[in-house]
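Presented below is the structure to which this report refers.
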Amino acid sequence: MSALVDLERSINNLLTAPPYRLDPEQRHCALLALLKQEIAYASDRNPRFRNYVEHWPVDFRSADTIADLPYLPVGVFKANPPLALVAASEIKRTLTSSATSGQTPSRVVLDAATARRMTKGVITIIRDFIGPARRPYLVIDLPENLAAQAELGARGAAIQGQGSFATETVSCLCRNQLGDSDVDLEKLLACIEKWKETEVLVYGFTYVIWTHLVQPLQRQGITLGMPNVHVLHSGGWKRLEQQAVTKDAFRRDLASVFGCSADRVIDYYGMVENVGVVYPDCERGNKHVPAFAEVIVRNALTLAPVEAGQQGLVQVCSVLPTSFPGFLVLTDDMAEIIDYDGCPCGRRGTYFRFARRVPKVEIRGCGNLETTRYPVGHGSSQA
Amino acid sequence: MSDLIQAVASPQEIICAAERLRETARQKAIVPQMVLEVFDHWAAALDARELREVPGVAFLRLWLRRGTLEPILLRELGPDSLHGAWRDEGRATLRAFPLGVVGHWPAGNIEIQPVLSLTCALLGGNGCLVRVPSGLLEPTQLFLEKLQEVDRIGLLTERIFMASFDHSRMDLHEAMARAVDGGMIWGGADAVSQVRTLPFPHWARVVVFGPRLSVAAMDTGAWGDPAERSSWCRRIARDVWQFEQQACSSPQALFLERGAGCDPAEFIEDLRQAFQEENRLHPRQEIEPALTSAICQARASWLLDDAANRATFPASPDWTILQGSRVDVPKPTQGRTLSVLLVDDLLAVISRFDGTVQTLGLGAKDAQREETLAQAAGRQGVDRIVRLGQMHVFGSPWDGMDLVRPMVRLVRHVRSRD
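Chain order of the listed sequences is A and B. The first sequence begins at 3 in this note's numbering and counts up by one. The second sequence begins at 37 in this note's numbering and counts up by one.
Encoded structure:
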């Protein structure tokens, strides 16, 4: 247990530091040491993870940089049962990713300590963008997605992640007779009437906001008149790109519907496997990495970190989880490193921009078999 | 688009091209000897600097040589086939005639395949209508430029129409299928299934190559022999490197038969060195990020699935060796990822083949054992059993089928008078 106590202490040191003010080199040293501790801890807890770490081309104990440490591809979190570093009895909550139809979602398990850190991590980050004050919280989603559940999807996790800022929470979608989502206009307008003079936090999935709020209100010519609102949204652009909705158009139209300035609309990038870390756009349109995390963008050909200005596969790093080995995760996303320090917004450290999802991996060519010719009724392993 | 590969926009263009090709095949008969002559020059012309980096070009040059093709023609079409003569068969005579126009749907992953496919039909005297996949336009163009250089009178080039159109243009696929007398289809499960459903005329002969996968296997005597081990490993590396393991002839797994006193760790070390050396000689120039993801995923899944599994790989995605013990063929990853699996008995592995295994690359020291394994493999649906290092050597039969014979008609003439 003392290893975990030591870990907790080191994690809290980074978690309580100003998220974007540490000197990058100093931060790298602190993260490297802590991540090594966490890998050692996880290796002790999980023999299969240890097997992976032992086969890594670089011994993590002697690694000089975070980039040399053993990272897991995000697909391993689709395993069932999920990869865990805690006993089943210690699991308080399981987060699932928003897999598209036919795909297996990722599942990560949280114990009480990791869940606590997750909440604290998100608050620390969001506070830096919208300020510390608690305020009314308008959720552009259905009421059922607000409820605390043992197994929580990406939408639910994101909604609850911001819940700590709330003095009161209202969801403004409802189900229509066909079971589809609709904006509950009466409820929404009542909230607006009540909150129009105050700071309000709004959150929703990007495509949900567009489909169920912006478009219907635009059609009806309704403007909400909430200049003091901060609208956070996440969940990716794929569906809106299919509708040829650009990021600028989304931001402009959403701001127009709320009657606020466009800089009050904040897009952020995040994933359940990277618990407690989100990457909101700063006023310069860049995504920043907090003190307790790191982002490495790797060249797909070499897997080495790219230089500023180059694109590659995104690896997210976080010291927050101790209930599953999600410290170093290679995602299926592509991003561009803008630079490793010096964003004009004043936030220190790595800043980047999301580029696109890597297309689904498929076996290709004449070696691509979908089915076997005839079924085989044998087992799969040899004693 | 070049003048050698036409960007096709309408079904009418395909219909017109097919009519021209059919007329040429009918009016200007050619015999295999004439085709071989041009192919020989073509093979020499392909030894060009701009083609050296194109994967498979060495195989293509080898394939086009008279020394390779003559024996194939003699076996498939008979002893007098080279000059187009009638050959006696009892009281009758036989002679091969072209089907007419053969449509080719090559796979999009093998650079030399559009050309390989059309050579089979040209040897039978056919006209060729080839859909060139979008990813293969550049190498195909280079190959055809070399053919144009050596085929000054247009003996073969006037029998070829290379078409480029988006794979989703079903109207053009359908026009192509309706216009041909034969079809050669190559590729993955999706592509093959789609092309097979096209409206070919009822008389058209359609042959399908793929989708398949391939595996390698070695008996104890072969992999356990320190004197020969590194040589075997170099051959395996050569087979793994070709076509990024996307070809149906690429080994995805190597099964090693356990033996007393043989240390798999020593074999893996030699294999690692062979992979490193092959990578030094033939480094990747580019990679799709999706393949990098798949390689990282394969490494991690393998090691996380079972703490007894082993793996050897560099920090880059250049190559991967996954080690374990199981008798079934794992799901392929491609991208130079080889599963090396220790088994008690290779026959147990072969007995589980389900008809999808095309090639079994063998390294066996015991000749009698090899015979037994080959017999068993043949029974379990394997169509090629070759020495390791030669898994990609294209030849006839392929996928258990002749390559020229299916695209000709054997005409039988029984004389009206003795």
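The C-beta atom is built at its ideal place from N, Cα and C for all residues, glycine as well. Note that the coordinates shown come from a computational prediction; the quantities given were computed from them, not determined experimentally.
#1: What residues of chain A sit near residue 353/B, judged by a beta carbon separation below 7 Å?
#2: Mind pulling the chain A residues with CB within less than 8 Å of residue 175/B?
#3: Which residues mark the beginning and the end of the beta strand (DSSP E) in which residue 96/A is found?
#4: Quick check on the burial criterion: 16 or more other C-beta atoms within 10 angstroms. Buried or exposed for residue 222/B?
#5: Less than 8 Å between C-beta atoms, sequence neighbours within five positions excluded: which residues of the same chain meet that for residue 170/B?
#6: Would you check if there are 3 or more beta carbon pairs closer than 8 Å linking the stretch 268-285 of chain B to the stretch 423-439 of chain B?
#7: Which first and last residues belong to the beta strand (DSSP E) in which residue 268/A is found?
#8: Using the C-alpha atoms, what's the distance from residue 220/B back to residue 232/B?
#9: In the DSSP assignment, find the beta strand (DSSP E) that holds residue 134/B and state where it starts and stops.
#10: May I ask you to verify whether the stretch 294-314 of chain B touches the stretch 336-344 of chain B, counting CB pairs closer than 8 Å and requiring at least 3?
#11: Which runs of the beta strand (DSSP E) at least 3 residues long sit entirely within the stretch 255-299 of chain B? Give them in chain order.
#12: Taking DSSP as the reference, what is the three-state secondary structure of residue 428/B?
#13: Where residue 255/A and residue 207/A are concerned, what is the direct C-alpha to C-alpha distance, given to the nearest angstrom?
#14: Should residue 296/A go down as buried or exposed, given a rule of 16 or more other Cβ atoms within 10 Å for buried?
#15: Relative to the C-alpha of residue 172/B, which residue among 147/B, 192/B, 190/B and 157/B is closest?
#16: At 7 Å on the CB atoms, spell out the chain B contacts of residue 77/A, in chain order.
#17: Pull the bridge partners of residue 289/A from the DSSP assignment, please.
#18: Sort 173/A, 128/A and 221/A by Cα distance to residue 140/A and report the nearest one.
#19: Extract the residue ranges of the beta strand (DSSP E) inside the stretch 102-171 of chain B, only unbroken runs of 3 or more that lie entirely within it.
#20: Taking C-beta pairs closer than 7 Å, name the residues in chain B that residue 109/A reaches, listed in chain order.
#21: Between the alpha carbons of residue 144/A and residue 183/A, how many angstroms are there, rounded?
#22: Check whether the Cβ atoms of residue 87/A and residue 325/A sit closer than 8 Å, and answer yes or no.
#23: For residue 376/B, write down the residues that DSSP places opposite it in a beta bridge.
#24: Could you run through the stretch 119-153 of chain A and flag, in chain order, every residue whose CB is less than 7 Å away from some CB of chain B?
#25: Could you tell me whether the Cβ of residue 383/B comes closer than 8 Å to any Cβ of chain A?
#26: Closer than 8 Å by C-beta to residue 249/A: which residues in its own chain qualify, once you throw out the five before and the five after it? Chain order, please.
#27: Let me see if you follow: with CB-CB separation under 8 Å, is residue 322/B close to chain A or not?
#28: Should residue 269/A be flagged as near chain B, meaning a C-beta pair shorter than 8 Å?
#29: Taking 8 Å as the threshold (beta carbon to beta carbon), is residue 37/B in contact with chain A?
#30: Would residue 104/B pass as an interface residue toward chain A - the criterion being a Cβ-Cβ separation below 8 Å?
#31: In chain order, what residues of the stretch 290-304 of chain B put their CB closer than 8 Å to some CB of chain A?
#32: By the DSSP assignment, the beta strand (DSSP E) with residue 222/B in it spans what residues?
#33: Would you call the CB atoms of residue 323/B and residue 168/B closer than 8 Å?
#34: Please tell me whether residue 382/A has its Cβ less than 8 Å away from any Cβ of chain B.
#35: For residue 375/B, would you say it is in contact with chain A, using Cβ-to-Cβ distances shorter than 8 Å as the test?
#36: So is residue 229/A buried or exposed if we call it buried at 16+ other beta carbons inside 10 Å?
Let's see:
#1: Here residue 353/B corresponds to residue number 317 of the second sequence, with the count starting at 1. The answer, in chain order, is 305.
#2: For the purposes of this step, residue 175/B is identified with residue 139 of the second sequence, where counting begins at 1. None at all; the shortest Cβ gap to chain A is about 15 Å.
#3: The sequence position of residue 96/A within the first sequence is 94, counting from 1. 95-98 is the span of the beta strand (DSSP E), which, as asked, contains residue 96/A.
#4: Numbered from its first residue, the second sequence carries residue 222/B at position 186. Counting Cβ neighbours within 10 Å, residue 222/B comes out buried, since at least 16 surround it.
#5: As a working note, residue 170/B is residue 134 in the second sequence. Closer than 8 Å at the Cβ level, and outside the excluded window around residue 170/B, lie 144, 200, 202 and 203.
#6: yes
#7: As a working mapping, residue 268/A is identified with position 266 in the first sequence. Where residue 268/A is concerned, the enclosing beta strand (DSSP E) stretches over 267-272.
#8: For the purposes of this step, residue 232/B is identified with residue 196 of the second sequence, where counting begins at 1. For the purposes of this step, residue 220/B is identified with residue 184 of the second sequence, where counting begins at 1. Rounded to whole angstroms, residue 232/B to residue 220/B spans 10 Å at the Cα level.
#9: Numbered from 1 along the second sequence, position 98 holds the residue referred to as residue 134/B. 128-134 is the extent of the beta strand (DSSP E) around residue 134/B.
#10: no
#11: 287-293
#12: Position 392 of the second sequence, counted from the first residue, corresponds to residue 428/B. In the structure shown, residue 428/B sits in coil (DSSP, three-state: anything other than H, G, I, E or B).
#13: If you number the first sequence from 1, residue 255/A lands on position 253. If you number the first sequence from 1, residue 207/A lands on position 205. Those two C-alpha atoms are separated by around 15 Å.
#14: Your numbering for residue 296/A matches position 294 in the first sequence. The residue is buried, with at least 16 neighbouring Cβ atoms inside 10 Å.
#15: Counting from 1 along the second sequence, the entry for residue 172/B is found at position 136. The candidate whose alpha carbon is nearest that of residue 172/B is 147/B.
#16: Here the question's residue 77/A lines up with position 75 in the first sequence. Simply 333.
#17: Residue numbering aside, residue 289/A sits at position 287 when the first sequence is read from its first letter. Bridge partners of residue 289/A: 283/A and 354/A.
#18: The residue you call residue 140/A lines up with position 138 of the first sequence. Closest option to residue 140/A, Cα to Cα, is 173/A.
#19: 123-125, 128-134, 137-141 and 163-167
#20: Locating residue 109/A in the first sequence gives position 107, where the first residue counts as 1. Result: empty, since nearest Cβ-Cβ is about 14 Å, beyond 7 Å.
#21: Here residue 144/A refers to the residue found at position 142 when the first sequence is read from its first residue. Here residue 183/A refers to the residue found at position 181 when the first sequence is read from its first residue. Rounded to whole angstroms, residue 144/A to residue 183/A spans 7 Å at the Cα level.
#22: In the first sequence, counting from the first residue as 1, residue 87/A sits at position 85. In the first sequence, counting from the first residue as 1, residue 325/A sits at position 323. Result yes, Cβ atoms of residue 87/A and residue 325/A sit closer than 8 Å.
#23: Position 340 of the second sequence, counted from the start, is the residue given in the question as residue 376/B. In the DSSP output, where bridge partners are listed per residue, residue 376/B has 290/B and 359/B.
#24: none
#25: Here residue 383/B corresponds to residue number 347 of the second sequence, with the count starting at 1. No, residue 383/B lies away from the interface with chain A (no Cβ there is under 8 Å from its Cβ).
#26: Here residue 249/A corresponds to residue number 247 of the first sequence, with the count starting at 1. Within the same chain, residue 249/A has close Cβ partners 239 and 269.
#27: As a position in the second sequence, residue 322/B is number 286, starting the count at 1. Cβ-Cβ to chain A under 8 Å: yes for residue 322/B.
#28: Within the first sequence, residue 269/A is the residue found at index 267, counting from 1. No, residue 269/A does not count as interfacial toward chain B.
#29: Within the second sequence, numbered from 1, the residue matching residue 37/B stands at position 1. Residue confidence for residue 37/B is low, a pLDDT of 46 falling below 50, so the modelled location carries little weight; the figure read from the coordinates is stated next. No, its Cβ sits nowhere closer than 8 Å to a Cβ of chain A.
#30: Within the second sequence, numbered from 1, the residue matching residue 104/B stands at position 68. No, its Cβ sits nowhere closer than 8 Å to a Cβ of chain A.
#31: none
#32: Taking the first residue of the second sequence as 1, we reach residue 222/B at position 186. Where residue 222/B is concerned, the enclosing beta strand (DSSP E) stretches over 218-222.
#33: Mapped onto the second sequence, residue 323/B falls at position 287. Mapped onto the second sequence, residue 168/B falls at position 132. Not in contact: residue 323/B and residue 168/B (Cβ atoms no closer than 8 Å).
#34: Along the first sequence, read from residue 1 onward, the residue named residue 382/A stands at position 380. A caution first: residue 382/A carries a pLDDT of 31, below 50, which makes its placement in the model unreliable, though a value can still be read off. Yes, its Cβ sits closer than 8 Å to a Cβ of chain B.
#35: On the second sequence, residue 375/B is found 339 positions in, with the first residue counted as 1. No, residue 375/B does not count as interfacial toward chain A.
#36: Start at 1 with the first residue of the first sequence, and residue 229/A comes out as number 227. Exposed: under 16 other Cβ atoms inside 10 Å.
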